[in-house]
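Notes follow once the structure below has been shown.
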Amino acid sequence: MFITCADSRIVTAAITGAEPGSLFELRTAGNVIPPYSLTAPSSEMATIEFAVLQLGVSEIVVCGHSHCGAVGALHGGGIDHLPAMRGWLRPRAPRDAADPAMREEGQEHVRVQREVLLSYPFVAERVASGRLRVHGWFYDIETGRVSVCAERAFLPL
572 MFITCADSRI
582 VTAAITGAEP
592 GSLFELRTAG
602 NVIPPYSLTA
612 PSSEMATIEF
622 AVLQLGVSEI
632 VVCGHSHCGA
642 VGALHGGGID
652 HLPAMRGWLR
662 PRAPRDAADP
672 AMREEGQEHV
682 RVQREVLLSY
692 PFVAERVASG
702 RLRVHGWFYD
712 IETGRVSVCA
722 ERAFLPL
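Mind the numbering: the sequence shown is residues 572 to 728 in the numbering used here, read in order.
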């Protein structure tokens, strides 16, 4: 499964080398994964649940990218006239985007969204049992390079 931004510059098959149609994809503005909630389920949560519990995916990649307008809007504003977008993004702002160990806010955003995904009970259970691995990737649109979320840094893939 590949969870990424709705940005048209993200071409999943080109990034992964996978054949078109071979990856289950979820695209959201800013590759946002909402918190797990049975009282307020979202289409994103339902899609992840279907992929993990019904399809039995064994790998999930959360992939952010450079120059993400949604992540930029989290910190620079520009969305005050977009109430739905503001409501979607603001509660999900990276906790520590100013951390000097992070090269870009977008990388911290990937880290945070990966943590949100790992908080889903069925994801956590599958990860703990070794049946699922969850990765954080960051795609540099200008260079085409992908880096992987490690302990405190993003390393080349």
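Using N, Cα and C, we set each Cβ at its ideal position, and we do this for glycine too.
About 14 angstroms separates the Cβ atoms of Gly635 and Val705, ruling out a contact at the 8 angstroms cut-off. For a cut-off of 8 angstroms, the C-beta gap from Leu688 to Ile604 is around 5 angstroms, short enough to register as a contact. Annotation for Glu630: Arg704 place their beta carbon closer than 6 angstroms to its own, counting only its chain and skipping 5 residues before and after. By the Cβ criterion, the segment 574-584 is in contact with the segment 593-601, since at least three pairs of Cβ atoms, one from each stretch, lie closer than 8 angstroms.
Around the beta carbon of Gly707, 16 or more other beta carbons sit within 10 angstroms, so the residue counts as buried. Thr587 sits in a helix when the DSSP states are folded into three classes.
Beta-bridge pairing by DSSP links Ile574 to Leu597, Val633. In this model, Glu590 and Leu728 are separated by some 19 angstroms (Cα to Cα).
Around the beta carbon of Glu696, a 10 Å sphere encloses fewer than 16 other beta carbons of the protein chains shown; the residue is thus reported as exposed.
The residue from Leu653, Pro692, Ala644 with its alpha-carbon nearest to that of Gly677 is Ala644. Relative to Ser690, the option among Leu653, Pro606, Ile586, Val717 whose CA is nearest is Pro606.
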